[in-house]
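Asks:
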Amino acid sequence: MDCCSAGDAEYLLRFENPLRLVSDQWLAEQNVSHSDELGHALWNITDKGLGEGEYAMLKPAQDGQETAGPVTVREFLEQHPGSCFDMMTPGGFVCLTPEKAALLLSGQSVKGHPGEIEYAMEIPAEELLNQEVLNAGFCDRSWHILSDDVHDMEQQTTDSPDQGVRLC
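Heads up: the sequence shown runs through residues 1 to 168, numbered per UniProt numbering.
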């Protein structure tokens with residue numbers, strides 16, 4: 001669904017019943033003609049703040065996403081069973097059906113490619129599962145994920161304490 005960005009979804013999930021909010025706005029716009037009706041309804045909700053006074057909002061979690069650490073590909077796949085995944089990784093692209101995602105979680109390698117499918121190669125499960133999810137969005141019945149190798153900032157600073165200029 002191209003009209004619902006990750007930001008829109010995040011905003012809607014702040015409500016106790018986001019489906020009610022979207023359906024009410026959809027019904028309110030049934031006499032208006034737009035080329036993208038759902039996109040316009042979402043725009044009215046998110047940009048104009050419709051619903052914030054009329055619909056119950058969820059209470060902020062005490063230990064929500066802001067305090068949680070980065071999510072690995074393994075954790076993301078486990079949180080979304082039965083989904084399809086299109087991944088852009090440091091080494092290229094990986095497309096996973098729900099069955100391939102389950103095989104990956106069980107430790108089997110999967111095929112990935114650097115942009116040209118004829119150059120596909122096996123990617124070890126641990127290499128992919130231990131990557132960090134930088135961005136994820138749900139569109140067209142698939143999760144689109146941008147991942148990268150985990151970079152631990154503390155480890156980088158302790159590995160090279162003498163970087164920079166040294167004065168004698």
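Don't be surprised by glycine CBs; every beta carbon is placed ideally from N, CA and C.
Please read all numbers here as calculations on a predicted model, not as lab measurements.
What is the DSSP secondary structure of S147, counted as helix, strand or coil?
Replies: One-based indexing of the sequence shown puts residue 147 at position 147. In the structure shown, S147 sits in a strand (DSSP, three-state: E or B).
Asks: Assuming N135 and V150 make a contact with CB atoms under 8 Å, what is their CB distance in whole Å?
Replies: Here residue 135 is taken as the residue at index 135 of the sequence shown, counted from 1. Here residue 150 is taken as the residue at index 150 of the sequence shown, counted from 1. That pair is no contact at about 15 Å.
Asks: Whole-angstrom Cβ separation of S23 and T89, contact assumed at under 8 Å?
Replies: Numbered from its first residue, the sequence shown carries residue 23 at position 23. Numbered from its first residue, the sequence shown carries residue 89 at position 89. That belief does not hold up - the Cβ atoms of S23 and T89 are roughly 37 Å apart, past 8 Å.
Asks: Between the Cα of V138 and the Cα atoms of T72, F76, L21, A28, which residue gives the shortest distance?
Replies: For the purposes of this step, residue 138 is taken as residue 138 along the sequence shown, with counting starting at 1. A small correction: the amino acid at residue 138 is Phe; Val does not occupy that position in the sequence shown. Nearest of T72, F76, L21, A28 to F138, Cα basis: F76.
Asks: Buried or exposed, going by whether 16 or more other CB atoms sit within 10 Å of the CB of M87?
Replies: Position 87 of the sequence shown holds residue 87. Answer is buried; the Cβ neighbour count reaches 16.
Asks: Determine the direct distance from the alpha carbon of V133 to that of P98, and round the result to whole angstroms.
Replies: For the purposes of this step, residue 98 is identified with residue 98 of the sequence shown, where counting begins at 1. For the purposes of this step, residue 133 is identified with residue 133 of the sequence shown, where counting begins at 1. Whole-angstrom Cα-Cα distance: 18 Å.
Asks: Taking DSSP as the reference, what is the three-state secondary structure of A136?
Replies: The count along the sequence shown starts at 1 and reaches residue 136 at position 136. The answer is strand: DSSP assigns A136 an E or B state.
Asks: Out of S5, L21, V71, point me to the one whose CA is closest to G39's CA.
Replies: Counted from its first residue, the sequence shown places residue 39 at position 39. Cα-wise, what sits closest to G39 is S5.
Asks: In whole angstroms, what separates the C-alpha of G91 from that of M121?
Replies: As a position in the sequence shown, residue 91 is number 91, starting the count at 1. As a position in the sequence shown, residue 121 is number 121, starting the count at 1. Looking at the two C-alpha atoms, the distance is approximately 10 Å.
Asks: Can you list, in chain order, the residues of its chain whose CB lies under 8 Å from that of E78, leaving out five sequence neighbours each side?
Replies: Within the sequence shown, numbered from 1, the residue matching residue 78 stands at position 78. Counting only Cβ-Cβ distances below 8 Å, and skipping sequence neighbours, we find L105.
Asks: DSSP state of T72, grouped into three classes?
Replies: Sequence index remark: in the sequence shown, residue 72 carries index 72 (1-based). If DSSP states are grouped into helix, strand and coil, T72 belongs with the strands.
Asks: Determine the direct distance from the alpha carbon of P124 to that of K100, and round the result to whole angstroms.
Replies: The residue labelled residue 100 in the question sits at position 100 within the sequence shown. The residue labelled residue 124 in the question sits at position 124 within the sequence shown. Approximately 13 Å, taken between the alpha carbons.
Asks: Does the Cβ of Q108 have 16 or more other Cβ atoms within 10 Å, making it buried, or fewer, making it exposed?
Replies: Walking along the sequence shown from the start, residue 108 turns up at place 108. Exposed, since its Cβ has fewer than 16 Cβ neighbours within 10 Å.
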